[in-house]
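Enquirer: The sequence shown runs 10 to 474 under this note's numbering. Even for Gly, the Cβ is constructed at its ideal location relative to N, Cα and C. As the structure is a computational prediction, the values presented were derived from the model and not from experiment. Take a look at this one; I'll ask things after.
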Amino acid sequence: MRWALVKVSLAVTTMVVLAFAVPLGLVIKEMARDRAFSNAEREAAAVAPALSITTDRDQLERVVASAGSEAEMAVHIPAADQAQAVDIGRQRAADDDIATVRRLGRASTTEVPGGSTLLQPVALSSGEIAVVEVYVPEAEVSNGVSTAWAVLAAVGAALIVGSVAVADRLGVRMVQPAQRLVEGAHELGEGKLGARVPEEGPTELRLAATAFNSMADQVVQLLANERELAADLSHRLRTPLTVLRLNTASLGDGPAAEQTRAAVAQLEREVDTIIRTAREAKPQTAAAGPGAGCDAAEVVRERMAFWSALAEDEGRKVRVAGIDRPVRIPVARAELAAALDALLGNVFRHTAEGTAFAVDVHNGEDAVIVLVSDAGPGIPDPEAAMARGRGSGSAGSTGLGLDIVRRLAESTGGDVRIGSSVLGGTEVRIWIQLDGRAPERRGHRVRRRRGGRLVSTFNRPRSLP
Numbered sequence: 010m011r012w013a014l015v016k017v018s019l020a021v022t023t024m025v026v027l028a029f030a031v032p033l034g035l036v037i038k039e040m041a042r043d044r045a046f047s048n049a050e051r052e053a054a055a056v057a058p059a060l061s062i063t064t065d066r067d068q069l070e071r072v073v074a075s076a077g078s079e080a081e082m083a084v085h086i087p088a089a090d091q092a093q094a095v096d097i098g099r100q101r102a103a104d105d106d107i108a109t110v111r112r113l114g115r116a117s118t119t120e121v122p123g124g125s126t127l128l129q130p131v132a133l134s135s136g137e138i139a140v141v142e143v144y145v146p147e148a149e150v151s152n153g154v155s156t157a158w159a160v161l162a163a164v165g166a167a168l169i170v171g172s173v174a175v176a177d178r179l180g181v182r183m184v185q186p187a188q189r190l191v192e193g194a195h196e197l198g199e200g201k202l203g204a205r206v207p208e209e210g211p212t213e214l215r216l217a218a219t220a221f222n223s224m225a226d227q228v229v230q231l232l233a234n235e236r237e238l239a240a241d242l243s244h245r246l247r248t249p250l251t252v253l254r255l256n257t258a259s260l261g262d263g264p265a266a267e268q269t270r271a272a273v274a275q276l277e278r279e280v281d282t283i284i285r286t287a288r289e290a291k292p293q294t295a296a297a298g299p300g301a302g303c304d305a306a307e308v309v310r311e312r313m314a315f316w317s318a319l320a321e322d323e324g325r326k327v328r329v330a331g332i333d334r335p336v337r338i339p340v341a342r343a344e345l346a347a348a349l350d351a352l353l354g355n356v357f358r359h360t361a362e363g364t365a366f367a368v369d370v371h372n373g374e375d376a377v378i379v380l381v382s383d384a385g386p387g388i389p390d391p392e393a394a395m396a397r398g399r400g401s402g403s404a405g406s407t408g409l410g411l412d413i414v415r416r417l418a419e420s421t422g423g424d425v426r427i428g429s430s431v432l433g434g435t436e437v438r439i440w441i442q443l444d445g446r447a448p449e450r451r452g453h454r455v456r457r458r459r460g461g462r463l464v465s466t467f468n469r470p471r472s473l474p
């Protein structure tokens, strides 16, 4: 569109300039010619009074000299009675042209080498017709024409360049909002729900941008409702199911106990199927904007209050650290709660009763670290565990827990690592970047320990008492 506007402006302006400049240039040329011959007529008219009084050669030569140069003016007096013909000055016109003007009695111009001549008839007192010849050089006819044409050409070029520049600016003003609208549509189609378009440019494009932003807000709202539903299924259903499964272990043997255990297992499988379906349909969302987020310390206290009751029933020792003061992170409260529930649920699911665990929050300048550690058997292959978190879970596991944790961390520019904790079991480290940049991992090292397993040494929590 931008180049189309420039081409149209160039074509239209060029046609307008040519339509006005060419006729104006011709008019200027004609005006210069008229000016030159008008001067010649004045010079010829200056000699006419003297010719009507006398035909004396000496007197006429003085009159011609005073009226103009003899090199540019000539006087041709025909012979009459006893008088001979008189020719003063240099003759340039042909005899036939002079005779024609004398016979017709009206002025005429004729082309001669180097210019033109004006032949002006003058009546003498004797009744004869004298002819005054004034030479007009070609340089005088075209005097100032080249300069005027150059000025016209410069003005025309300036108008063309100016119109093209204005058209280009107008094109940019129209094209840039359209390009931003296209980019926003692509970003929204790629799942970047934070994509918005500035409401700038012409009225039509501003209206289109407003409609696009309104549509994006509605899409975000609809997907937020879907994600909320998926979160409810994955955390509000899985958590009580975990408690039910653990409580069925105390029912003992018998048909009723077995039926109860089978029903709980079947319900867990059905919930896993629903969770997998919801995860496959879940779009990728953008990171929370400036000012959004939650207090990580408050969320940890809230979720630990829930899980501590179950830990007390199973005889598990619990340690929580780093939640004595607010820790702001750019993560929604529901997402952090879902991630903590997923990790703590794994602790209760995959470790024996009485196994201790700990949750530590470390607040740095540019990142917040959340560590979930346990004293269980550990994970022999952390890389495989993270792969399961990306959707290739084994039987009895949807793989959604670690996937939720990973998405939460990566939405801020952080990451998730699995290693061995000082308690002897598994440690899951969630790195939440505060400024959206890739984590620099200051003060963090990873080394090999216990049979080749990864061991993180970033601000290790103290051992449980």
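Applying the 10 Å Cβ sphere with the 16-neighbour rule, what's the burial state of ARG438?
Expert: It is buried - the Cβ of ARG438 has at least 16 other Cβ atoms within 10 Å.
Enquirer: Is it the case that the Cβ atoms of LEU202 and VAL229 are separated by a distance below 7 Å?
Expert: Yes, these two residues count as a Cβ contact at 7 Å.
Enquirer: For ALA49, which residues in the same chain have their Cβ closer than 7 Å to its Cβ, ignoring the five residues on either side in sequence?
Expert: LEU127, VAL143, VAL145, listed in sequence order.
Enquirer: Relative to the C-alpha of SER479, which candidate in GLU362, GLU419, THR63, VAL72 has its C-alpha closest?
Expert: The first residue shown for the chain is 10 and the last is 474, placing residue 479 beyond what the model contains.
Enquirer: Given GLU81, which residues of its chain have a CB within under 6 Å of its CB, disregarding the five upstream and five downstream residues?
Expert: Here the set comprises TYR144.
Enquirer: Taking the C-alpha atoms as reference points, what is the distance between PRO389 and ALA306?
Expert: Approximately 30 Å, taken between the alpha carbons.
Enquirer: Bridge partners for ASN256 per DSSP, in chain order?
Expert: In the DSSP output, where bridge partners are listed per residue, ASN256 has none listed.
Enquirer: Which of the three DSSP states is assigned to SER382 in this structure?
Expert: Looking at SER382 - three-state DSSP - the assignment turns out to be strand.
Enquirer: Say whether the region 418-435 touches the region 335-350, bearing in mind that this needs 3 or more beta-carbon pairs closer than 8 Å, one atom from each stretch.
Expert: Touching, yes, given that three or more Cβ pairs across the two stretches are closer than 8 Å.
Enquirer: Helix, strand or coil, according to DSSP, for ASN152 in the structure here?
Expert: Of the three classes helix, strand and coil, the one that applies to ASN152 here is coil, per DSSP.
Enquirer: Is the CB-CB distance between VAL110 and VAL141 below 7 Å?
Expert: Not a contact, by the Cβ cut-off of 7 Å.
Enquirer: Would GLY180 and LEU14 qualify as a contact pair, given that the criterion is a beta-carbon distance under 7 Å?
Expert: Yes.
Enquirer: Count the other CB atoms within 10 Å of the CB of VAL21; is the residue buried (16 or more) or exposed (fewer)?
Expert: Its Cβ having fewer than 16 others within 10 Å, VAL21 is exposed.
Enquirer: Does GLU436 come out as helix, strand or coil in the three-state DSSP assignment?
Expert: Of the three classes helix, strand and coil, the one that applies to GLU436 here is strand, per DSSP.
Enquirer: For the beta strand (DSSP E) that GLY354 lies in, which residues bound it at each end?
Expert: GLY354 -> not in any beta strand (DSSP E); alpha helix (DSSP H) instead, spanning 342-359.
Enquirer: Would you call the CB atoms of THR118 and ALA102 closer than 7 Å?
Expert: No, Cβ-Cβ distance for THR118 and ALA102 is not below 7 Å.
Enquirer: Express the C-alpha separation of ALA204 and THR212 in angstroms, rounding to a whole number.
Expert: Near 21 Å, if we compare the C-alpha coordinates of ALA204 and THR212.
Enquirer: Contact defined as beta carbons within less than 8 Å: I believe LEU253 pairs with VAL273. What is the distance between those atoms, to the nearest angstrom?
Expert: At roughly 5 Å, the Cβ-Cβ gap stays under 8 Å, so LEU253 and VAL273 are in contact.
Enquirer: At 3 residues or longer, and completely inside the region 107-179: list those beta strand (DSSP E) runs for me, N to C.
Expert: Within the region 107-179, the complete beta strand (DSSP E) runs of at least 3 residues are 117-121, 124-132, 138-146.
Enquirer: State the DSSP-derived secondary structure class of GLY324, mapped to helix, strand or coil.
Expert: Residue state, collapsed to three classes: coil.
Enquirer: What does the alpha-carbon distance come out to for the pair THR23 and VAL150?
Expert: For THR23 and VAL150, the distance between alpha carbons rounds to 29 Å.
Enquirer: From this set, ALA148, ARG112, GLY123, which residue's C-alpha is nearest GLY136's C-alpha?
Expert: Nearest option by C-alpha distance: ARG112.
Enquirer: Applying the criterion that 16 or more other CB atoms from any shown protein chain within 10 Å of the CB defines a buried residue, is PRO207 buried or exposed?
Expert: Result: exposed.
Enquirer: How close, in whole Å, do the beta carbons of GLY373 and GLY434 come, if the pair is a contact with beta carbons under 8 Å?
Expert: That belief does not hold up - the Cβ atoms of GLY373 and GLY434 are roughly 25 Å apart, past 8 Å.
Enquirer: From this set, ILE338, PRO249, ALA159, ALA187, which residue's C-alpha is nearest ASP444's C-alpha?
Expert: Answer by Cα proximity: ILE338.
Enquirer: Can you round the beta-carbon distance between LEU161 and ALA187 to whole angstroms, since I take them to be within the 8 Å contact cut?
Expert: So it is not a contact: roughly 38 Å between Cβ atoms.
Enquirer: With a 10 Å radius around its C-beta and 16 neighbouring C-beta atoms as the bar for buried, classify MET395 as buried or exposed.
Expert: Buried, because 16 or more other Cβ atoms sit within 10 Å of the Cβ of MET395.
Enquirer: Mind checking who GLY428 pairs with in its DSSP beta bridge?
Expert: The partner list for GLY428 (beta bridge, DSSP) reads GLU436.
Enquirer: Could you check what DSSP says for ASP43 in three-state terms: helix, strand or coil?
Expert: Of the three classes helix, strand and coil, the one that applies to ASP43 here is helix, per DSSP.
Enquirer: Please state if the CB of THR257 and the CB of ARG523 are separated by a distance shorter than 7 Å.
Expert: This structure cannot speak to residue 523, because the chain is shown only from 10 to 474.
Enquirer: Which word fits HIS195, buried or exposed, when buried means at least 16 other C-beta atoms lie within 10 angstroms of its C-beta?
Expert: Label assigned to HIS195: exposed.
Enquirer: By the three-class DSSP mapping on this structure, what secondary structure does ILE332 have?
Expert: DSSP places ILE332 in coil when its eight states are reduced to three.
Enquirer: Please report the Cβ distance between LEU255 and ARG312, rounded to the nearest whole angstrom; I am assuming they are in contact, meaning their Cβ atoms lie under 8 Å.
Expert: Between ARG312 and LEU255 the Cβ distance is about 17 Å, and since that is not below 8 Å, they are no contact.
Enquirer: Kindly give me the distance between the Cβ atoms of VAL381 and VAL370, rounded to whole angstroms, as I take these residues to be in contact under 8 Å.
Expert: Not really, about 10 Å apart at Cβ, beyond 8 Å.
Enquirer: Given a cut-off of 7 Å on the beta-carbon distance, is the pair ALA376 and TRP316 in contact?
Expert: Not in contact: ALA376 and TRP316 (Cβ atoms no closer than 7 Å).
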